[in-house]
């Protein structure tokens, strides 16, 4: 069931003009392993997201996952409000 919902969500996002799905570079995976080993509670998947964000210069993400809060240079937004307006 979870896989079906995840695949359907991915397909909807991938087809949406408002989203762009990107591939992580090999360097992101290397940096993700360092992050994963450094921060307790940060999953490898989350660490890969953080590594990509750091390389791409992305400062924030929308997530209900508070594991991202251990990363000082990433702001986690958990509401639909845009704090940058």
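Numbering (my numbering), first residue to last: 32 to 116.
Here a beta-carbon is modelled for each residue, glycine too, at the ideal position from N, C-alpha and C.
Inset, instruction - Determine the direct distance from the alpha carbon of residue 84 to that of residue 104, and round the result to whole angstroms. - result: The residue given as residue 104 occupies position 73 in the chain shown. The residue given as residue 84 occupies position 53 in the chain shown. Distance between the alpha carbons of residue 104 and residue 84 is about 10 Å.
Inset, instruction - Note down, in chain order, each residue of its chain lying with its Cβ closer than 6 Å to the Cβ of residue 91, except the 5 sequence neighbours on either side. - result: Looking up residue 91 in the chain shown gives position 60. Correct list, in chain order: 106 and 108.
Legend entry - Span of the alpha helix (DSSP H), counted from its first residue to its last, around residue 87: Along the chain shown, read from residue 1 onward, the residue named residue 87 stands at position 56. Boundaries of the alpha helix (DSSP H) around residue 87: 75 to 87.
Inset, instruction - Give a yes or no on whether the C-beta atoms belonging to residue 76 and residue 101 are separated by under 8 Å. - result: Counted from its first residue, the chain shown places residue 76 at position 45. Counted from its first residue, the chain shown places residue 101 at position 70. Contact: no.
Legend entry - Counterpart residues of residue 92 in DSSP-defined beta bridges: Walking along the chain shown from the start, residue 92 turns up at place 61. DSSP lists 107 as partners of residue 92.
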